[in-house]
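**Q** Supplied in structure tokens, the structure appears directly below.
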Amino acid sequence: MAERSSGAVLVYFDSFAAAWAMAGHGPFVWSAYGLTFITLAYLIFTPLRRSRMTMLSIRAELKRGAPNGRHTSSQSVANGAGAQREDVHAP
Amino acid sequence: MWSFIHKLGSPPWFYRFSGQLIRWLLPIAITTCCVGAIWGLLFAPPDFRQGNSYRIIFIHVPAAVVALAGYYALAFAGLASLVWKIKMADTAMRAIAPVGAALTFIALVTGAIWGKPTWGAWWVWDARITSMLILLFLYLGVVALFEAYDNKAAAAKACAVLSLVGTVNIPIIYKSVDWWYSLHQPASIKFTGESAIDASMLYPLLVNIAAFYALFAVVVVLNMRAELMSTHRRSAWLRDLVGRS
Numbered sequence: 001m002a003e004r005s006s007g008a009v010l011v012y013f014d015s016f017a018a019a020w021a022m023a024g025h026g027p028f029v030w031s032a033y034g035l036t037f038i039t040l041a042y043l044i045f046t047p048l049r050r051s052r053m054t055m056l057s058i059r060a061e062l063k064r065g066a067p068n069g070r071h072t073s074s075q076s077v078a079n080g081a082g083a084q085r086e087d088v089h090a091p
Numbered sequence: 092m093w094s095f096i097h098k099l100g101s102p103p104w105f106y107r108f109s110g111q112l113i114r115w116l117l118p119i120a121i122t123t124c125c126v127g128a129i130w131g132l133l134f135a136p137p138d139f140r141q142g143n144s145y146r147i148i149f150i151h152v153p154a155a156v157v158a159l160a161g162y163y164a165l166a167f168a169g170l171a172s173l174v175w176k177i178k179m180a181d182t183a184m185r186a187i188a189p190v191g192a193a194l195t196f197i198a199l200v201t202g203a204i205w206g207k208p209t210w211g212a213w214w215v216w217d218a219r220i221t222s223m224l225i226l227l228f229l230y231l232g233v234v235a236l237f238e239a240y241d242n243k244a245a246a247a248k249a250c251a252v253l254s255l256v257g258t259v260n261i262p263i264i265y266k267s268v269d270w271w272y273s274l275h276q277p278a279s280i281k282f283t284g285e286s287a288i289d290a291s292m293l294y295p296l297l298v299n300i301a302a303f304y305a306l307f308a309v310v311v312v313l314n315m316r317a318e319l320m321s322t323h324r325r326s327a328w329l330r331d332l333v334g335r336s
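Top line first, the protein sequences correspond to chains A and B. Under the working numbering, think of the first position of the first sequence as 1, with each following residue one higher. Under the working numbering, think of the first position of the second sequence as 92, with each following residue one higher.
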């Protein structure tokens with residue numbers, strides 16, 4: 001990156017050290033970008049991981065030949081969960 | 092148009108369509124993010140008054156812009172959920188709220204980091220900052236409400252009402268810099284007339300705003316897919332898909 005600031009490539013800084021220091025503002029700028037990067041990476045990977053876990057557990061159930069429930073909507077699942085909970089509280 | 096909206100409400104159709112969408116949108120989002128960040132960090136010239144600290148603008152403004160746009164999406168999904176009782180709208184609300192909260196958080200934190208060298212303070216109770224903090228609490232409130240109910244329909248209803256009531260905050264955020272003239276400068280980019288920002292800074296900023304929009308869309312769709320998978324794990328269509336893949 002050095003010596004290019006006057007040349008064709010319009011990188012503003014003359015060296016990596018200068019880009020890191022940013023004339024004293026480096027800690028602020030780089031920490032802001034770093035925090036943003038971590039947050040965005042977390043946002044992307046959380047749902048991917050969750051989907052993968054669900055996929056793996058469905059695959060495992062299929063392999064075990066678990067009852068291939070022919071429920072067709074989320075309604076039945078939600079109601080099923082609710083019903084189970086009520087069963088627990090029933091005398 | 093209406094048949095497309097109708098199809099969006101169908102979980103199997105949405106799942107397949109969003110799979111195709113992600114295949115295109117994810118690389119686009121990541122590429123624009125990298126281009127925007129590198130452009131803003133290394134190629135854009137420094138501000139003549141603030142020096143290099145202003146480079147935070149390239150994430151601060153896009154995060155704030157998309158956090159606000161995300162709230163429109165949340166409120167619209169809330170409306171669709173309340174009025175038309177669309178299940179997919181509940182899923183969308185649930186997917187949008189944490190992303191909006193994260194973007195608002197990014198806007199506030201990068202603003203604080205930018206404020207220190209520029210204003211001399213990490214935090215001031217400026218009208219815009221305070222209204223953005225309220226936006227963060229609204230998003231977090233929706234996230235918490237979804238967790239608070241066992242009954243999904245009741246949770247969605249409460250969240251829809253909260254998100255619609257919260258829209259009152261949106262014009263306050265927009266107008267805060269004009270109504271209470273304080274540390275935050277008024278908007279520099281205008282749709283009509285000359286923008287008060289040089290092209291060498293405007294273009295990387297626009298690239299970053301596009302990048303954040305694309306990322307927002309990607310993460311919301313990924314969240315919706317994850318949510319659909321876990322609520323429909325007993326459904327035949329999902330089991331068929333998983334079995335075949």
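Just so you know, even glycine gets a beta-carbon here, dropped at the ideal spot from N, CA and C.
1. Give the single residue among PHE228(B), LEU297(B) and VAL256(B) whose Cα lies nearest to the Cα of PHE196(B).
2. Could you tell me the distance, in whole angstroms, from the CA atom of PHE237(B) to the CA atom of ALA183(B)?
3. Roughly how many whole angstroms lie between the Cα atoms of PRO262(B) and ILE225(B)?
4. Tell me, to the nearest whole angstrom, how far the beta carbon of VAL29(A) is from that of ASN143(B); I am working on the premise that it is less than 8 Å.
5. Taking the alpha helix (DSSP H) that GLY131(B) falls in, what are its first and last residues?
6. Under the rule that 16 or more other beta-carbon atoms within 10 Å means buried, what is ALA83(A), buried or exposed?
7. Which partner residues of ASP269(B) appear in the DSSP bridge assignment?
8. In angstroms with no decimal places, state the Cα-to-Cα distance between PHE16(A) and SER31(A).
9. Under 7 Å Cβ to Cβ from ARG325(B), same chain only, skipping five residues before and after it: list those, please.
10. Run through chain B and tell me which residues come within less than 8 Å of SER15(A), C-beta to C-beta.
11. Excluding sequence positions up to five away, which residues of its chain have a Cβ less than 6 Å from the Cβ of ILE150(B)?
12. Verify the CB distance criterion: does ARG316(B) have a CB-CB separation below 8 Å to chain A?
13. Report the three-state DSSP secondary structure of GLY142(B) (helix, strand or coil).
14. For PRO136(B), count neighbouring C-beta atoms within 10 Å of its own C-beta (all shown protein chains included) and say buried if the count is 16 or more, exposed if not.
15. Hey, ASN299(B) and PRO153(B) are a contact pair by Cβ (cut 8 Å); roughly how many whole angstroms apart?
16. Just tell me which of ALA327(B), ASP241(B) and LEU194(B) has its CA closest to the CA of LEU35(A).
17. Per DSSP, what kind of secondary structure is SER94(B) in: helix, strand or coil?
18. Any C-beta of chain B within less than 7 Å: which residues of the region 9-42 of chain A qualify?
19. Find the residues of chain A that neighbour PHE105(B), judging by a C-beta separation of less than 7 Å, and give them in chain order.
20. With DSSP run on the structure shown, which of helix, strand or coil describes SER51(A)?
21. Indicate whether at least one CB of chain B lies closer than 8 Å to the CB of ARG64(A).
22. Compare the Cα-Cα distances from GLN111(B) to each of MET320(B), SER254(B), TRP205(B) and ARG316(B) and report the closest residue.
23. Nearest to GLY100(B) by CA position, among LEU319(B), ARG335(B) and TYR240(B), is which residue?
24. How big is the Cα-Cα spacing for ARG107(B) and ILE113(B)?
25. Buried or exposed, going by whether 16 or more other CB atoms sit within 10 Å of the CB of ASN314(B)?
26. At a Cβ threshold of 8 Å, is ALA128(B) touching chain A?
27. Going along the region 197-215 of chain B in order, which residues come within less than 8 Å of chain A, judged by CB to CB distance?
28. Are the CB atoms of VAL333(B) and PRO62(A) within a distance shorter than 8 Å?
29. In three-state DSSP terms, what is SER321(B)?
30. Determine, using beta carbons only, whether LEU306(B) and ALA120(B) come nearer to each other than 8 Å.
31. With a threshold of 8 Å between beta carbons, is ALA193(B) in contact with chain A?
32. Under 8 Å between C-beta atoms, does PRO136(B) make it to chain A?
**A** Result, derived from the coordinates:
1. When each option's Cα is compared against that of PHE196(B), the closest is PHE228(B).
2. Rounded to the nearest angstrom, the two C-alpha atoms are 12 Å apart.
3. Using only the alpha carbons, I get a separation of about 13 Å.
4. Their Cβ separation, rounded to whole angstroms, is 6 Å, which keeps VAL29(A) and ASN143(B) in contact under 8 Å.
5. First-last for GLY131(B): undefined, no H or E at that position.
6. Unreliable placement is indicated for ALA83(A), whose pLDDT of 41 sits below 50; the coordinate value is still reported in the next sentence. Around the beta carbon of ALA83(A), fewer than 16 other beta carbons lie within 10 angstroms, which makes this residue exposed.
7. Looking at the DSSP assignment, ASP269(B) forms no beta bridge with any residue, so it has no partner.
8. Cα to Cα, the separation comes out at about 16 Å.
9. Correct list: empty, nothing qualifies.
10. The contact set of SER15(A) on chain B, defined by CB atoms closer than 8 Å, is empty, because the minimum CB distance reaches about 12 Å.
11. Once the five neighbours on either side are set aside, the close Cβ partners of ILE150(B) are THR201.
12. Chain A, which has a Cβ nearer than 8 Å to the Cβ of ARG316(B), makes this yes.
13. When secondary structure is reduced to three states using DSSP, GLY142(B) falls in the strand class.
14. With fewer than 16 Cβ atoms within 10 Å of its Cβ, PRO136(B) is classed as exposed.
15. Their Cβ separation, rounded to whole angstroms, is 4 Å, which keeps ASN299(B) and PRO153(B) in contact under 8 Å.
16. The shortest C-alpha separation from LEU35(A) is found at LEU194(B).
17. Helix at SER94(B).
18. Residues of the region 9-42 of chain A with a C-beta less than 7 Å from any C-beta of chain B: LEU10, VAL11, TYR12, PHE13, ALA19, MET22, ALA23, HIS25, PHE28, VAL29, SER31, ALA32, TYR33, LEU35, THR36, THR39 and LEU40, listed in chain order.
19. In chain A, no part has a C-beta under 7 Å from the C-beta of PHE105(B); the shortest such distance is about 12 Å.
20. Three-state result, SER51(A): helix.
21. No - not a single Cβ of chain B is within 8 Å of the one on ARG64(A).
22. The option with the nearest alpha carbon to GLN111(B) is ARG316(B).
23. Cα-wise, what sits closest to GLY100(B) is LEU319(B).
24. Here the C-alpha atom of ARG107(B) lies approximately 10 Å from the C-alpha atom of ILE113(B).
25. ASN314(B) is classed as buried because its beta carbon has at least 16 other beta carbons within 10 Å across all chains shown.
26. For ALA128(B), the closest Cβ of chain A is nearer than 8 Å.
27. Of all residues in the region 197-215 of chain B, ILE197, VAL200, THR201, ILE204, TRP205, LYS207 and PRO208 have a Cβ within less than 8 Å of some Cβ in chain A.
28. Note that residue 62(A) is Leu in the sequence shown here, rather than Pro. Yes; because the gap between Cβ atoms is below 8 Å, this pair is in contact.
29. Helix.
30. Yes, they are a contact pair.
31. Chain A contact via Cβ: present.
32. By this cut-off, PRO136(B) is an interface position.
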